[in-house]
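So the protein lines, in turn, are chains A and B.
Residue numbering for the first sequence follows the working numbering, beginning at 63 and increasing consecutively.
Residue numbering for the second sequence follows the working numbering, beginning at 251 and increasing consecutively.
This report concerns only the one structure given below.
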Amino acid sequence: MDVIKKDFDDFPGEVYQDRSGHSSIIITQIDRFANWARSNSLWPLIFGTSCCAIEMMSAASAKYDWSRFGFEVARASPRQADLIIVAGTITLKMAPVLKRLYDQMPEPKYVIAMGACNITGGPFMTHSYSVVNGIDKIVPVDVFIPGCPPRPEALLHGMIKLQEKIMRSKAFVIEKPKK
Amino acid sequence: MMQQNGFEQILKSIFPEITLSKCAQFNAIELKPESIYAGLEKLHQQSDLKFDMLVCLTAVDRVTHIEVLYHLRSTFNGYDLIVKTALVEQPYELQSVVPLWRSAELFEMEIYDMFGISFSGHPDLRRLFMPDDWEGFPLRKSYKTTDVADNYLDSHKLLLNQQE
């Protein structure tokens with residue numbers, strides 16, 4: 063078949079089309095293709111516990127507009143989400159809830175720890191009786207975003223880093239957290 | 251100033267041996283724990299005063315004792331007053347003022363949660379903020395916070411390496 067190569071900037075592979083334009087051939091790796099699809103359509107769970115959530119809302123709204131990167135389908139149910147942005151302090155009372163939400167999400171699933179509280183406990187690190195000192199003790203975290211709270215640009219940067227991480231992963235292997 | 255003098259006289263007529271002190275911008279009096287309910291009841295019912303509103307009820311750990319503060323306001327006469335009481339001996343116990351002011355219900359639950367003062371006569375005294383199975387009272391000065399959070403996660407099997 064006489065074909066010509068088509069250029070698509072983002073597509074991870076090669077696309078050919080015959081001269082009539084009716085049939086196309088795609089040559090790609092299944093991993094790269096699946097990762098490309100996944101990373102460009104992450105569905106975040108609506109989950110915010112304090113001031114970081116305000117920045118997250120700002121990142122979602124018109125001024126910063128995270129839908130430019132494919133994050134706009136925010137879901138209120140963990141069953142329909144594959145990304146949880148933990149935005150805000152996680153207290154000991156909230157810890158079982160966070161773990162349950164994470165467990166209810168279908169694979170593949172990703173976690174972004176947004177803000178100082180989620181990384182180390184932040185301002186509550188040393189003398190608090192009620193705050194989890196780092197959510198990586200409870201759920202496996204993919205990207206940490208420092209800041210108190212991080213600006214929306216920082217959140218977007220972290221989410222783009224997550225997309226890069228997904229592009230490097232093995233699409234059909236579920237990596238269990240290391241014990 | 252006239253009003254201040256009148257207020258002092260009314261207080262003196264109810265509590266003859268009390269001294270009026272200042273606590274920030276408020277007048278303050280101190281009562282003994284065993285007579286706190288009777289005193290507050292007088293302040294609540296006395297028609298010259300009529301402290302009908304309990305603005306805030308809180309406690310402070312002074313190491314030697316725990317101080318409980320009742321912030322009262324009279325919406326009829328425009329008076330503010332703080333009533334203090336000092337609890338020295340454990341177990342800390344006070345009579346509940348829920349029959350006088352309904353707003354005391356949540357305040358007393360919070361104080362019980364944070365300082366471990368049990369209020370006799372409270373309709374539903376249990377922990378308000380901390381988990382139900384929490385041990386100790388976190389706002390006491392003697393409470394040690396070292397590793398408290400980690401131990402809680404550990405005992406509830408929430409740590410990452412404890413999950414299947």
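Ideal Cβ positions, reconstructed from N, Cα and C, are used throughout, including at glycine.
### Query
Within 10 angstroms of its Cβ, does residue 222/A collect 16 or more other Cβ (buried), or is it exposed?
Taking the first residue of the first sequence as 1, we reach residue 222/A at position 160. Exposed: under 16 other Cβ atoms inside 10 Å.
### Query
Between the Cα of residue 235/A and the Cα atoms of 170/A, 116/A, 76/A, 217/A, which residue gives the shortest distance?
In the first sequence, counting from the first residue as 1, residue 235/A sits at position 173. Closest by alpha carbon: 170/A.
### Message
Using a Cβ-Cβ cutoff of less than 8 Å, which residues in the same chain neighbour residue 365/B once the five nearest sequence positions on both sides are dropped?
### Response
Within the second sequence, residue 365/B is the residue found at index 115, counting from 1. If we look at residue 365/B and ignore the five residues flanking it on each side, its Cβ neighbours are 309, 311, 316, 342, 387, 389, 390.
### Task
Could you tell me how far apart the beta carbons of residue 270/B and residue 301/B are, in whole angstroms, since I believe they sit closer than 8 Å?
As a first step, residue 270/B is located in the second sequence; it is residue number 20 there, counting from the start. As a first step, residue 301/B is located in the second sequence; it is residue number 51 there, counting from the start. The beta-carbon distance between residue 270/B and residue 301/B, rounded to whole angstroms, is 15 Å. This is too long to meet the 8 Å contact definition.
#### Entry: Bridge-paired residues (DSSP) for residue 106/A
As a first step, residue 106/A is located in the first sequence; it is residue number 44 there, counting from the start. Residue 106/A is bridged to 145/A.
### Message
Between which two residues does the alpha helix (DSSP H) holding residue 70/A run?
### Response
What you label residue 70/A is simply residue 8 of the first sequence in a count that begins at 1. Neither: residue 70/A is in no alpha helix (DSSP H) and is coded neither H nor E.
### Message
Against chain B, does residue 154/A count as a neighbour if the rule is that its beta carbon must be under 8 Å from one of theirs?
### Response
As a first step, residue 154/A must be located in the first sequence, where it is residue number 92. It does; some Cβ of chain B falls within 8 Å.
### Query
How long is the line joining the alpha carbons of residue 258/B and residue 331/B, rounded to whole angstroms?
Your numbering for residue 258/B matches position 8 in the second sequence. Your numbering for residue 331/B matches position 81 in the second sequence. In a straight line, the C-alpha of residue 258/B is about 11 Å away from that of residue 331/B.
### Query
If we count the other Cβ atoms within 10 Å of its Cβ and call it buried at 16 or more, is residue 215/B buried or exposed?
Because chain B is modelled from 251 through 414, residue 215/B falls outside the range shown and cannot be assessed.
### Message
Judging by CA-CA distance, which residue of 267/B, 279/B, 292/B is the nearest neighbour of residue 347/B?
### Response
Here residue 347/B refers to the residue found at position 97 of the second sequence. Nearest C-alpha to residue 347/B: 292/B.
### Message
If the cut-off is 8 Å on Cβ atoms, which residues from the segment 392-404 of chain B count as contacting chain A, listed in chain order?
### Response
Those residues of the segment 392-404 of chain B that come within reach of chain A (Cβ to Cβ, closer than 8 Å) are 393, 395, 398, 399, 400, 402, 403.
### Query
Hey, how far is the Cα of residue 179/A from the Cα of residue 402/B?
As a working note, residue 179/A is residue 117 in the first sequence. As a working note, residue 402/B is residue 152 in the second sequence. Going by the C-alpha atoms only, they are around 18 Å apart.
### Query
Which residues in the same chain as residue 64/A place their Cβ atom closer than 7 Å to its Cβ, once the five residues preceding and following it in sequence are excluded?
As a first step, residue 64/A is located in the first sequence; it is residue number 2 there, counting from the start. Answer for residue 64/A: 80, 81, listed in chain order.
#### Entry: 9 Å Cβ cut-off: residues of chain B touching residue 106/A
Residue 106/A sits at position 44 when you count from the first residue of the first sequence. Per Cβ cutoff of 9 Å: no residues; residue 106/A is ~22 Å from chain B at best.
### Task
Check the Cβ-Cβ distances between residue 317/B and every residue of chain A, and say whether any is below 8 Å.
Position 67 of the second sequence holds residue 317/B. Chain A has no Cβ within less than 8 Å of the Cβ of residue 317/B.
#### Entry: Counted within 10 angstroms of its Cβ, other Cβ atoms place residue 267/B as buried (16 or more) or exposed
The sequence position of residue 267/B within the second sequence is 17, counting from 1. Residue 267/B sits exposed, since fewer than 16 C-beta atoms from the chains shown fall within 10 Å of its C-beta.
### Query
Is the Cβ-Cβ distance between residue 174/A and residue 205/A less than 8 Å?
Reading the first sequence from its first residue, position 112 is the one you call residue 174/A. Reading the first sequence from its first residue, position 143 is the one you call residue 205/A. Yes, they are a contact pair.
### Query
Going straight from the alpha carbon of residue 344/B to that of residue 284/B, what length do you get?
By one-based count along the second sequence, residue 344/B stands at place 94. By one-based count along the second sequence, residue 284/B stands at place 34. Residue 344/B and residue 284/B have their alpha carbons spaced roughly 8 Å apart.
### Query
How many Å lie between residue 412/B and residue 158/A at the Cα?
Walking along the second sequence from the start, residue 412/B turns up at place 162. Walking along the first sequence from the start, residue 158/A turns up at place 96. Looking at the two C-alpha atoms, the distance is approximately 13 Å.
### Query
Between the segment 197-230 of chain A and chain B, which residues of the former have a C-beta closer than 8 Å to a C-beta of the latter?
From the segment 197-230 of chain A, only 198, 199, 200, 201, 202 have a Cβ closer than 8 Å to chain B.
### Message
For residue 86/A, report the span of its beta strand (DSSP E) as first-last.
### Response
Here residue 86/A corresponds to residue number 24 of the first sequence, with the count starting at 1. Taken as a continuous stretch (DSSP letters only), the beta strand (DSSP E) holding residue 86/A covers 86-90.
### Message
Below 7 Å on C-beta distance, what does residue 157/A contact in chain B?
### Response
On the first sequence, residue 157/A is found 95 positions in, with the first residue counted as 1. For residue 157/A, the chain B residues whose C-beta falls within less than 7 Å of its own C-beta are 403, 408, listed in chain order.
### Query
Helix, strand or coil: which one does DSSP assign to residue 179/A?
What you label residue 179/A is simply residue 117 of the first sequence in a count that begins at 1. Taken through DSSP and simplified to helix, strand or coil, residue 179/A comes out as helix.
### Query
For the 8 Å Cβ check, are there 3 or more pairs between the segment 192-211 of chain A and the segment 72-92 of chain A?
Judged by Cβ distances under 8 Å, the segment 192-211 of chain A makes no contact with the segment 72-92 of chain A, as fewer than three pairs qualify.
### Query
Got a sec: which bits of the segment 370-391 of chain B sit with their beta carbon under 7 Å from any beta carbon on chain A, in order along the chain?
Taking 7 Å as the Cβ-Cβ cut-off against chain A, the residues of the segment 370-391 of chain B that qualify are 381, 388.
### Task
Determine the contact status of residue 145/A and residue 194/A, defining contact as a CB-CB distance below 8 Å.
Along the first sequence, one-based indexing puts residue 145/A at 83. Along the first sequence, one-based indexing puts residue 194/A at 132. 8 Å or more divides the Cβ of residue 145/A from the Cβ of residue 194/A.
### Task
Examine chain B for any beta-carbon lying closer than 8 Å to the beta-carbon of residue 78/A, and answer yes or no.
Counting from one through the first sequence, the residue named residue 78/A turns up at place 16. Not a single C-beta of chain B is nearer than 8 Å to the C-beta of residue 78/A.
#### Entry: For residue 329/B and residue 337/B, the rounded distance between their alpha carbons
Translated into the one-based positions of the second sequence, residue 337/B becomes position 87. Translated into the one-based positions of the second sequence, residue 329/B becomes position 79. Roughly 26 Å between the two C-alpha positions.
### Query
Can you tell me where the beta strand (DSSP E) with residue 273/B in it begins and where it stops?
On the second sequence, residue 273/B is found 23 positions in, with the first residue counted as 1. Residue 273/B: member of the beta strand (DSSP E) spanning 271-273, first to last residue.
#### Entry: Among 72/A, 87/A, 215/A, 121/A, the one whose alpha carbon lies nearest that of residue 66/A
In the first sequence, counting from the first residue as 1, residue 66/A sits at position 4. Minimum Cα distance to residue 66/A is reached at 87/A.
### Query
Taking C-beta to C-beta, are residue 176/A and residue 147/A nearer than 8 Å?
On the first sequence, position 114 is the one that residue 176/A refers to. On the first sequence, position 85 is the one that residue 147/A refers to. Yes, the Cβ-Cβ distance between residue 176/A and residue 147/A is below 8 Å.
### Query
So what's residue 199/A in DSSP terms, helix, strand or just coil?
Within the first sequence, numbered from 1, the residue matching residue 199/A stands at position 137. Of the three classes helix, strand and coil, the one that applies to residue 199/A here is helix, per DSSP.
### Message
Please report whether the beta-carbon of residue 194/A lies at a distance below 8 Å from any beta-carbon of chain B.
### Response
If you number the first sequence from 1, residue 194/A lands on position 132. Proximity of residue 194/A to chain B, defined by a Cβ-Cβ separation below 8 Å, is satisfied.
### Task
Flag residue 212/A as yes when its Cβ comes closer than 7 Å to any non-hydrogen atom of the ligand HEM, and as no otherwise.
The model depicted lacks the ligand HEM and carries no ligand whatsoever.
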